[in-house]
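Q: Here it is, the structure, as C-alpha cells.
Residue numbers (the numbering used here): 193 to 555.
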C-alpha cells in the first residue's frame, strides 16, 4: 500500500459501487497492488451509488486507512452513468481506468491497459472474450453488441465491458449522462479518438447479486438511438428529419397526382381511402421537414463551434525570432491541449496492437 499521496497522481481508477460490500476489500487490495507495481502514483475514486448494504461504511473505512482513496457518496441510486460523470469531474490522473466493483474484472490487468495508453491509444476497451456468466446474460449481450457495431461503425466486440482505460484528454471531451456509459467508445470515435480493445480475464462473481435485467437491454437500445442522433445528426438535424419527411411527402404527392388523373377522366375519388392517405402522408412529411428546420435553428443558436470538433495538437511557425536565440532554435512550436508528454511514435505504430477507427458516416 502507498504511504503517501502524490501531488498529482499519474493513474486514476474509478469504481462505481452499488451494494457490493463483500467485494470491496479484495478489490481495493487488488487495485492498490497493481498500481503500486506501475509506480506512478495513483488515486482510487469509489462512487457509492446509494448502496444500502453497508458499502458506504466500508468505503469510509478504506478512505480513512489510505489517503489515495477518494469516496463520493450519492444521496440515492442515480445509476452508473451519473456515477462515472461525478468521478470524471474529479479525477487528476493522466490515465483514467474504470472497472466494476463485483470482482469480475481482474485488477491485475491495470498495467496492460496503461501500457496501451502509453503506446498511443486514447481509449482501450476490455473484451470479455470468455465470459463467466449464464446464457441469459451472455446472449442478450451478444445481440446488443452486434446491433451497436452495425449501427455505430465501431468494430468493438464488447461495448458493455466496464473495464476501460482513457487518456485524460478523451475524458474531458466526453459527456456521460443517461445510459451513455455503454457508448463512450462510440462518442469517442465520433470525435476521432484512437480506440483499441484488449481481451480481459473475466472472473465468476463471488459475492452479491447481478444487477442485469431484461429492462437494461431495451434501455440500452433506446440509449443507442439517442447516441446515434447526437453523434451523427447533432449539427444537421434537417438531414435526420428531412429524408423521411421528403419520402413521406413524395409518396403522398404521388398518390394525389394519381387520384387527380383518375378524377380528370371522370372517376369519383371523394370517398376513396387513397385520398385520405395521400393528404395524410403529405402533411406528415411536411411536419418532419419543419421539425428539421426548427432543429437547424436551435443548433445554430445553442451549439458552440468548439463542441463540434476535437483538436489533437496545433503546429505553427513562430512569427519572429527573438534576438539572442541561436540558429539551432526550433522552427516550429507544437501546442497541445495538455502538458502530458506525447507517446513514443515507434511504440504507437506497433503491428501487434489492433487499431479501431470509426467508419465514416454517410451524408
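For glycine and all other residues, C-beta sits at the position ideal for the given N, C-alpha and C.
Going residue by residue through the region 202-248, where are the continuous beta strand (DSSP E) segments of at least 3 residues, counting only ones entirely within it?
A: Qualifying beta strand (DSSP E) stretches, in chain order: 203-209, 234-240.
Q: Are residue 236 and residue 213 close, meaning C-beta to C-beta below 8 Å?
A: No, these two residues do not count as a Cβ contact at 8 Å.
Q: Across which residues does DSSP place residue 296 in a beta bridge pair?
A: None; residue 296 has no bridge partner.
Q: Going by DSSP, name the residue or residues bridged to residue 319.
A: Partner(s): 391.
Q: Alpha carbons only, please: which of 208, 202, 201 is nearest the one belonging to residue 373?
A: For the residues 208, 202, 201, the minimum Cα distance to residue 373 belongs to 208.
Q: Considering only the beta carbon of each residue, do residue 423 and residue 382 sit closer than 8 Å?
A: Yes, these two residues count as a Cβ contact at 8 Å.
Q: Could you tell me which residues DSSP pairs with residue 356 in its beta bridges?
A: For residue 356, which the question treats as bridged, DSSP gives the partners 290, 317.
Q: Taking the alpha helix (DSSP H) that residue 453 belongs to, which residues open and close that run?
A: Its alpha helix (DSSP H) spans residues 429-456.
Q: Using 10 angstroms around the beta-carbon of residue 435, count the other beta-carbons present and answer buried if the total reaches 16, otherwise exposed.
A: Exposed, since its Cβ has fewer than 16 Cβ neighbours within 10 Å.
Q: State the beta-bridge partners of residue 262 as determined by DSSP.
A: BP columns for residue 262 point to 237.
Q: Is the beta carbon of residue 254 less than 8 Å from the beta carbon of residue 220?
A: Yes, these two residues count as a Cβ contact at 8 Å.
Q: Would you tell me roughly how many angstroms separate the C-alpha atoms of residue 304 and residue 266, rounded to the nearest one?
A: Cα to Cα, residue 304 sits roughly 31 Å from residue 266.
Q: Specify the secondary structure class of residue 474 as computed by DSSP and reduced to three states.
A: In this structure, residue 474 counts as helix in the three-state DSSP scheme.
Q: Note down, in chain order, each residue of its chain lying with its Cβ closer than 6 Å to the Cβ of residue 206, except the 5 sequence neighbours on either side.
A: Here the set comprises 237, 279, 290.
Q: Would DSSP call residue 333 helix, strand or coil?
A: In this structure, residue 333 counts as helix in the three-state DSSP scheme.
Q: Give the straight-line distance between the Cα atoms of residue 508 and residue 340, rounded to the nearest whole angstrom.
A: Each residue's alpha carbon lies about 39 Å from the other.
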